[in-house]
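Per this note's numbering, the sequence shown starts with residue -5, numbered consecutively.
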Amino acid sequence: MTIREFQDDLKKELETLFENFKITGTDGQPANLKVYKNDVPLLSANSEEQTAPYLIIRLDSGKHHEDNRIGTQDVKILILICVFNDDENYVGSDDVLIIIQRIIERFAVNPKMEKYYRIGEINWTVGDTETYPYFFGGVELSFAIPSYTREDDFC
């Protein structure tokens, strides 16, 4: 099991979680949330593809335990959220909160995902309104993922 495989599996989980979730795109039409690993892809200057709304799964840090008898490592990830909403009542911040709540609900109610298990607290944040009509937020989660088990005689 690799950290990259974990990130791929989390991407699939979030795509499934939000597959029927429609939110305003930059063209003003309902759009699905896109899920990216690490960052949004670079678009050419003449690209008509819209980026928002999206989630980014960013690996923050990890810890492989020195005395690893249980065969797991801890991985902390950040799920970054970007939505577009040009409503002057700033309802884009509500969109961010709905997405945060869905992510929290998914991993608080059922911390298991495939071969992984959410550990520790769930932290979240929202951005300020100075970025109108784009609104930002984030969720921080940690998971125990399968790793190498020490095999020497001194375990």
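By construction, the Cβ of each residue, glycine as well, lies at the ideal position given by its N, Cα and C atoms.
- With contacts defined by Cβ atoms closer than 8 Å, Arg112 and Leu11 do not form a contacting pair.
- Of the other Cβ atoms in all chains shown, 16 or more fall within 10 Å of the Cβ of Gly86; this residue is therefore buried.
- The residue from Val103, Ile51, Ile93, Leu27 with its alpha-carbon nearest to that of Glu(-1) is Ile51.
- Assigned with DSSP and collapsed to three states, Asp89 falls in helix.
- Ranked by Cα distance from Gln67, the first of Tyr110, Lys106, Tyr30, Asn83 is Tyr110.
- Excluding sequence positions up to five before and after Pro140, its CB lies within less than 7 Å of the CB of Met(-5), Gly65, Thr66, Lys109, all in the same chain and listed in chain order.
- Three or more pairs of CB atoms, one per stretch, sit closer than 8 Å, so the region 116 to 134 contacts the region 73 to 90.
- A direct Cα-Cα distance of roughly 14 Å separates Asp3 from Leu49.
- Going by DSSP, Asp68 is part of the beta strand (DSSP E) stretching over 66 to 78.
- Annotated as distal: Ile73 and Ile98, with beta-carbon spacing of 8 Å or more.
- Annotation: Asn104 to Ile94 spans about 16 Å, alpha carbon to alpha carbon.
- Taking 8 Å as the cut-off, the Cβ atoms of Asp54 and Lys70 count as close.
- Taking Ala46 as reference, the option from Gln23, Leu91, Thr119, Ala102 with the minimal CA-CA separation is Gln23.
- A straight-line Cα-Cα distance of about 18 Å links Cys76 and Glu7.
- Between Glu13 and the set Ile(-3), Leu27, Glu60, the nearest pair of CA atoms involves Leu27.
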